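Numbering (my numbering), first residue to last: 35 to 318. Backbone N, C-alpha and C define an ideal beta-carbon position, used for all residues, glycine too. Predicted, not measured: the structure shown is a model, and the values here were computed from it. Read through the structure below, which is laid out as structure tokens, and then see the notes.
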């Protein structure tokens, strides 16, 4: 066991089987959201920092210790949703081929990659997605959380934003500012995914650069197409006026009405956790 104990020890749930746990696991933290459909203002959001323990040893061991030490996460919940981060992923046309063909395409992009290889199909982003996480992580998550799907975070965001474009002919670039120096960007034309990628941004100038680079690469119209910005409120408020100097329609992504059934105070939650909870809830 590690010294992460009691990070969530103050959280007491009455009847855990009425609650939903939604997790996003990146390279340094476990981000989680708890909500109870039957209880107003029930939303709980926390981060468990595992960065220190990763620096001292193996990622899988640090993740295992963090989850086992925070027994709250192991309750018998109504539902559990899990997404993970990865910097080794590819998006392929839906129905690309059998897993062996997907692995060959992945190996071309990442010839020396080692770890758990995962293929996800049939999600709402209208693409086949392959990604890799550190050795043993995928199997640990499936074993710990009853063999549920483990989604790539970027796949979840692409699915959410695509759902907002299906009835529109407007081209859209959706930007999720995480607040940790990274942004996730998904771009669409006529409801079809054109690009999904994560960028490391050391400043707001970098966010501007990558957003407009994607826009220009896809040849979108500055007078009729649209940039949507979600995520960190401070960053969003700062970059949106600057983006409007180049693109007419730059709009914030609001909490969707469907999210209100999760909790009345759902706006407090990280946007990517909201998106994951909505889509996994709809698929069940």
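Pairing CB atoms from the segment 281 to 291 with CB atoms from the segment 212 to 227, are three or more of them under 8 Å?
Touching, no, given that fewer than three Cβ pairs across the two stretches are closer than 8 Å.
Starting from residue 176 and walking both ways along the alpha helix (DSSP H), at which residues does that stretch end?
Residues 171 to 178.
With distances taken Cα to Cα, identify the nearest neighbour of residue 50 among 57, 70, 42.
It is 70 whose Cα lies nearest to the Cα of residue 50.
Excluding the 5 residues flanking residue 329 on each side, which residues of the same chain have their C-beta closer than 8 Å to its C-beta?
Since the first residue of the chain shown is 35 and the last is 318, residue 329 is not available in this structure.
Using a Cβ-Cβ cutoff of less than 7 Å, which residues in the same chain neighbour residue 256 once the five nearest sequence positions on both sides are dropped?
Taken in chain order, the residues that qualify are 280, 281, 282.
Under 8 Å Cβ to Cβ from residue 88, same chain only, skipping five residues before and after it: list those, please.
Excluding residues within five positions, the ones whose Cβ falls inside 8 Å are 61, 62, 96.
Report the rounded CA-to-CA distance for residue 169 versus residue 94, giving the unit in angstroms.
Cα-Cα distance, rounded: 7 Å.
Measuring straight from C-alpha to C-alpha, what distance separates residue 115 and residue 80?
Cα to Cα, residue 115 sits roughly 15 Å from residue 80.
Could you give the distance in angstroms between the alpha-carbon of residue 209 and the alpha-carbon of residue 165?
Going from the Cα of residue 209 to the Cα of residue 165 covers about 21 Å.
Please classify residue 55: is it buried, with 16 or more other beta-carbons within 10 angstroms of its beta-carbon, or exposed?
It is buried - the Cβ of residue 55 has at least 16 other Cβ atoms within 10 Å.
Give the straight-line distance between the Cα atoms of residue 38 and residue 223, rounded to the nearest whole angstrom.
A caution first: residue 38 carries a pLDDT of 49, below 50, which makes its placement in the model unreliable, though a value can still be read off. Between residue 38 and residue 223, the C-alpha separation is close to 45 Å.
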